[in-house]
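S.K.: One structure, pasted below without further comment.
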Amino acid sequence: MAQSSIIAGVIVEDISRHLNCRLCRRLIRTPKLLPCLHSFCQVCIQGFAEKLAPSEFLACPLCETDAKISKEELEDLPTNFFLDNMLDIALINSSDREPVPCSNCDSLNSPATSRCVDCGEFLCLNCYNVHKRIRQTKEHRILTISELLASKTGEDLHRPAFCRIHHSEPLKYYCETCNEAVCRDCVLIEHRQHKYDYIKDSKKIQKQKAIMENLFEECSANIPFLEKSIKEIQGISDTLRGRLAAVKAEIREATLHQIKVLKEKERKLLMEADKIYNAKSPILKRQKDQLQDEYTKFKTGCDFSEQVLKYANEVELLSLKTLITERLTELNNTQLDCKPHENSELKYEVNTKEAETVVAHSLGILKTSGPHLVLEDIEEAPKMNGRTNGYSEENATREVPLSVELRDPNGVLLPPDTIHQADGQSFSAYHPFFNGIFSFSVFIRGQVVEGFPQDINIGDIRPRVRSAKRAIAGSGSKFGRLGDPQGVAVSQDGNVIVSDSRNHRLQVFDMDGNFRFLFGAPGSRDGHFQFPSGVAVTTEGDIVVADTMNNRIQIFTKDGKFIKKFGKETMEGERLYQPYGVAVDNQGRIFVVDRGKARVVVFNEKGQVLFTFGSLGDGRGQFNCPSAVAVNSKGHVIITDFGNDRVQVFGSKGQFLFKFGKSGKADGELNWPTGVVTDADDHIIVSDSYNHRIQMFNEDGSFMTRFGSEGSKRGQFKRPEGVAVTKQGNIIVADWGNDRIQYNGKHYKQLHGTAMGSPVSVVIAEIVMQNIEERALSTCRQTIPLWLRYVDDTFTAVRHDEIDAFHNHLNEQNTDIQFTREVEENGKLPFLDCLVSHNDNSLRTTVYRKPTHTDRLLDESSYNPTSHKATTIRTLTRRAQLVCDSTDSLSDENKYLHRVFTKNNYNNDFIRRNTHRPTTTTETNDTATPTTTATIPYIKGMSENISRILLPFNIRVAHKPITTLRQLLTNVKDKDEPRNRQGTIYKINCSDCQASYIGETGRNLTTRLTEHRRATRKGDVSNHIAEHHRLTNHNIDWDSAQCLTYSTDYFQRLTLESWFTNLEQTPLNRCQQLPAPYKRLIHDINITNDRKRTT
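Residue numbering for the sequence shown follows UniProt numbering, beginning at 1 and increasing consecutively.
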């Protein structure tokens, strides 16, 4: 049995667990490999991805690691060649029980008897004979199944790898220049001038394998540590559970002696014991679950890497080395928090010898060292030695390692003047010297106590001058929302440019936070973006953007008009892969952080590559996921080395100078640095992302100061990204986690309006614009001869000397909505798709096209339906007829369109047949006949002809479907019983009080009620109904649970759940915030209901 389990040196039992897809639970087919090293069937992972939202990225179904891959990019996932070969080994191993099917013919009754080593195909007897007769395959080496079972080397079982360009040529060579496997034809053609060697003889592959082995050893060393930590935390949790029972027993025993007097006291102490357990247990469970997730990630990565290193050949190793190296490096850089966040300490102390007069005080107290029972007392301390305004902290929990922190408004930690600990109490006194909002925090065993930090407003203190600038919170603007802001830059005219990454666009604000304009949209066309990140401004004022997921750099004018792109269409070795940070030096050179290739690429103003520097690693001049770049006045290039927790400085030609920073939280230490910028004095300002702060260093890398902490208040950050500096030296920060920018003590946030994408946003916008329009025109002092509006775009005629006054008048109507304007130039002004010309007191219109317009249309030779191509011609000619108001302009437009159609390969006959021609109507006595509408049943082919015949007579035909007798007499589908319908918003009442629970589920109500009942029986504290039953001992009226409404859309169900919850007087679940229009409706409904009840 042992011999049959080893084939070609591979232990079949070791690989068998990797051969089943974890989604379909069947043998994996066409395995696709995710970045986390989990493999799934191609069909399964595509089916899983179909459930995602259009803008959502794929995450691993097992470990939930974000793969940062959209549904459209699934085809680019690498095939797991290693698993393909292991599947062949498993088939051969089970050939004695189940014959191996022939992979070369369609016959299901012809088991394979041999396998071609050169083709990798299993062959039945007939296919074997054909294989030996054909000239192309008769020289191939073929082994029988028995010979394969007895094989001692894995070379006989590895499938041949073929070139992706020359599909019939096997990969035999390794190109060291391009770092990839190539075939013979590649060596002769594309890689003729490159350095290459046979794959089997390449020392570089062996060196890369050694690097992977070192990473594997480093990663696998964490697994025993994680296992030990999980066992330790499980032991603490079990001990805590045991101590809970013991403490309850002691409390009950003491209570029996004084049951009549102490019954109420007993109840309170029992609840207090439960509160301690419920406070500690979730913390331990949460930490255990987190560590279990980390253990799974480490175990999966190490198991897979171990199998590849043990059994994969060089070609397979080469195809997998990038994914494995990146994944193991990511795991090795993971900060493991294995110290238990809680302990099992839970004691009960009692003194039964006290007199009955103090019996209420003698029952004892519960004792623990957890962070949830700390009683804080922050008060003003008395004056000491002429100092004023001290602050103290007192801790009521005994034998607890407690510490406190006080930080000034700039986030700088202040040392205490007095520290005293005695009799289970801690006392710390602080004496700040200036006014402001200070942050006070309490820590137990290094963990912040719940409810902290707290803000303390300290006033009446003599201020002192501080040199450090202060960055205060700001969020988007009153007009646009920000989604994951990445890069930020300041233009030459003082505007703030922000890369709105999640919304695939750039937004521009002025220094007061007023929205100016935006440009860009999701996509890969010119001027479109896919997750833009870094942004910079050239010496000419143009805007440079790193279009990360489109693997290119785009340049725009200061007004957002596309100029050019580069980085994707260059030579193979010069192509960008996920560019992230950009910077421009005083010579106009563009420095790009090519994160995917761990290097920096330097371009000239024309987009030509000048030179590159950097490679993957942790040595001098090497990078691990570099992020941002900045250039100081001396031409030194500063790079944030994100994965190595450091900053590296290079000369103007890419030569390494020095580095600074290391992993940690102390001053000068970094935790995943992202953005970087230099000020006028060449100080280096760095976004310390996972420490949630900004640090400033001298030009030589020595620490200067820092500010910021984790949070969403003013001056706090959540994973800050890009940074920029204004001409005045103020710092602008892209606060990524809070979806905002912070600058100069200002806070910008959208306070009014509805959420983007809300179904009522269009209606509300039109109501608001109508209101502004009515008030503005009725109160305007100027004479407005012409006012035309389409949504929020207006075309207005006003005197030249009254333009500013009328513009200010419009902006005064609503301070949250500000109009921008564009004035005619040379008597012309574009409005939507019209170009309006002003000449001789008259207005003429023709078709308007933007300067970025190209003549590219749906090509006639494309594989699109003919109806789509015909619609293209009809739409454009119809627009010309509607917009052009003169025969000459219409003639010019038609000639232009004909040139464009011809340029896109449309022939004259097709253009003539599909050109839209205006219809004429019959008029009598110069008066148009009123249009009449007739409704007739729709009959395919006939109804269309009737419509065309009646049209000249001003009779418009409307069609209706023919109702069948079956539809009248039968109900085709029975209606579902309400509780069995899926997508339900439901209500459950309490039998003993007015409380009720509003919930939503994508399943039916019967299933959800069963889950609620089970949670109530178990006392699940995370279930609102179960918690209400446990605290009040009330009964739940399960039988009267009702379905309020239905929806198959998840977001609609959430909105409806919030709607009904807000209508309830005493809801058990939390109320979600609704937009203002919904709140107004709820307010009106409540007033109406109150009036009805009063009546």
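Heads up, the beta-carbon is just placed ideally off N, CA and C, and yes, glycines get one too.
(1) Between which two residues does the beta strand (DSSP E) harbouring His838 extend?
(2) Give me the Cα-Cα distance between Ser891 and Thr877, rounded to the nearest whole angstrom.
(3) When you compare only the Cα positions, how much space is there between Lys659 and Val498?
(4) With a CB to CB cut of under 8 Å and the five nearest residues on each side skipped, what residues in its chain are close to Ile985?
(5) Between the stretch 227 to 241 and the stretch 273 to 286, are three or more C-beta pairs nearer than 8 Å?
(6) Determine the DSSP secondary structure at Ile955, reduced to helix, strand or coil.
(7) Quick check on the burial criterion: 16 or more other C-beta atoms within 10 angstroms. Buried or exposed for Ala958?
(8) Nearest-angstrom Cα distance between Gln994 and Lys718?
(9) Going straight from the alpha carbon of Glu379 to that of Ser687, what length do you get?
(10) In the DSSP output, which residue or residues are listed as bridge partners for Asn989?
(11) Return helix, strand or coil for Arg1013, following the three-state DSSP convention.
(12) Tell me whether Glu349 sits in a helix, a strand or coil according to DSSP, three-state version.
(13) What are the partner residues of Phe162, as DSSP defines its beta bridges?
(14) If we call anything under 8 Å between Cβ atoms a contact, is Cys219 one with Cys302?
(15) Using beta-carbon positions only, say whether Asp542 and Ile563 come within less than 8 Å of one another.
(16) Would you please state the rounded distance, in angstroms, between the beta carbons of Gln622 and Ser615? I believe it to be under 8 Å.
(17) Can you tell me whether Asn1035 is buried or exposed? The criterion is at least 16 other CB atoms within 10 Å of its CB, across all chains shown.
(18) Go ahead and label Gly729 buried or exposed: buried means 16 or more other beta carbons lie within 10 angstroms of its beta carbon, across all protein chains shown.
(19) In whole angstroms, what is the alpha-carbon distance linking Ile638 and Ser689?
(20) Return the chain-ordered ranges of every alpha helix (DSSP H) run that is complete within the stretch 201 to 284 and spans a minimum of 4 residues.
(21) Identify, in the order they occur along the chain, each residue of the same chain with its Cβ nearer than 8 Å to the Cβ of Phe806, setting aside the five sequence neighbours on each side.
(22) In the DSSP assignment, find the alpha helix (DSSP H) that holds Trp1059 and state where it starts and stops.
(23) Would you decide whether Asp337 is buried or exposed? Buried here means 16 or more other CB atoms lie within 10 Å of its CB.
(24) Pull up the distance between the alpha-carbon of Leu657 and that of His868, whole angstroms please.
(25) Is the Cβ-Cβ distance between Gly520 and Arg505 less than 8 Å?
(26) How is the alpha helix (DSSP H) around Ile911 delimited, first residue to last?
(27) Hey, how far is the Cα of Asn389 from the Cα of Gly411?
(28) Do Leu897 and Ala880 have their beta-carbon atoms positioned less than 8 Å apart in this structure?
(29) Considering only residues of the UniProt repeat "NHL" (704 to 747), which uninterrupted beta strand (DSSP E) runs meet the minimum length of 3 residues and lie entirely inside it, listed in chain order?
(30) Within 10 angstroms of the Cβ of residue 1105, are there 16 or more other Cβ atoms? Answer buried if so, exposed if not.
(31) Run through the DSSP bridge pairs and tell me what Ser403 is partnered with.
(32) Any idea if Ala246 is buried or exposed, counting beta-carbon neighbours within 10 angstroms, 16 or more meaning buried?
(33) For a test of the three-state rule: what should DSSP assign to Leu331, helix, strand or coil?
(34) Straight-line CA distance for Asn20 to Cys44?
(35) Where DSSP assigns a beta bridge to Pro101, which residues make up the other side?
(36) Pull the bridge partners of Trp787 from the DSSP assignment, please.
M.R.: With the given structure in hand:
(1) First-last of the beta strand (DSSP E) with His838: 834 to 839.
(2) Ser891 and Thr877 have their C-alpha atoms some 11 Å from each other.
(3) Between the C-alpha atoms of Lys659 and Val498 there is a straight-line separation of about 29 Å.
(4) The residues Ile998, Gly999, Glu1000, Cys1043, Leu1044, Thr1045, Tyr1046, Ser1047, Arg1053, Leu1056, Glu1057, Phe1060, in chain order, have a CB closer than 8 Å to that of Ile985 in the same chain once the five nearest residues on each side in sequence are set aside.
(5) Enough Cβ pairs lie closer than 8 Å, so yes.
(6) In the three-state reduction of the DSSP assignment, Ile955 falls in the strand class.
(7) So Ala958 ends up on the exposed side.
(8) In a straight line, the C-alpha of Gln994 is about 41 Å away from that of Lys718.
(9) Because Glu379 sits at a pLDDT of 42, beneath the cut-off of 50, its placement in the model cannot be relied upon, and the following sentence gives the value as read from the coordinates. Those two C-alpha atoms are separated by around 35 Å.
(10) Residue pairing by DSSP places Asn989 opposite Ser996, Asp1037 in a beta bridge.
(11) When DSSP states are grouped into helix, strand and coil, Arg1013 belongs to the helix group.
(12) Three-state result, Glu349: strand.
(13) DSSP lists Pro170 as partners of Phe162.
(14) One thing to note: Cys219 has its Cβ within 8 Å of the Cβ of Cys302.
(15) Going by C-beta atoms, Asp542 is nearer than 8 Å to Ile563.
(16) At roughly 5 Å, the Cβ-Cβ gap stays under 8 Å, so Gln622 and Ser615 are in contact.
(17) Around the beta carbon of Asn1035, fewer than 16 other beta carbons lie within 10 angstroms, which makes this residue exposed.
(18) Per the 10 Å Cβ criterion, exposed.
(19) Approximately 17 Å, taken between the alpha carbons.
(20) Entirely contained in the stretch 201 to 284, the alpha helix (DSSP H) runs reaching 4 residues are, in chain order, 203 to 220, 222 to 255.
(21) Correct list, in chain order: Cys780, Gln782, Ile784, Thr796, Val798.
(22) It spans 1050 to 1063 - the alpha helix (DSSP H) in which Trp1059 sits, taken as one unbroken run.
(23) Residue environment analysis places Asp337 among the exposed positions, since fewer than 16 neighbouring C-beta atoms fall within 10 angstroms of its C-beta.
(24) So the two alpha carbons sit approximately 60 Å from each other.
(25) The Cβ atoms of Gly520 and Arg505 lie closer than 8 Å to each other.
(26) 908 to 914 is the extent of the alpha helix (DSSP H) around Ile911.
(27) Residue placement at Asn389 is flagged as unreliable, the pLDDT there being 38, under the threshold of 50; a coordinate-derived value is accordingly withheld.
(28) Taking 8 Å as the cut-off, the beta carbon of Ala880 is found closer than this to the beta carbon of Leu897.
(29) Entirely contained in the UniProt repeat "NHL" (704 to 747), the beta strand (DSSP E) runs reaching 3 residues are, in chain order, 720 to 725, 731 to 735, 740 to 743.
(30) This structure cannot speak to residue 1105, because the chain is shown only from 1 to 1095.
(31) For Ser403, the beta-bridge partners assigned by DSSP are Phe443.
(32) The C-beta of Ala246 has fewer than 16 other C-beta atoms within 10 Å across all chains shown, which makes the residue exposed.
(33) The answer is helix: DSSP assigns Leu331 an H, G or I state.
(34) C-alpha of Asn20 to C-alpha of Cys44: approximately 12 Å in a straight line.
(35) According to DSSP, Pro101 shares a beta bridge with Pro111.
(36) Answer is Thr796, bridged to Trp787.
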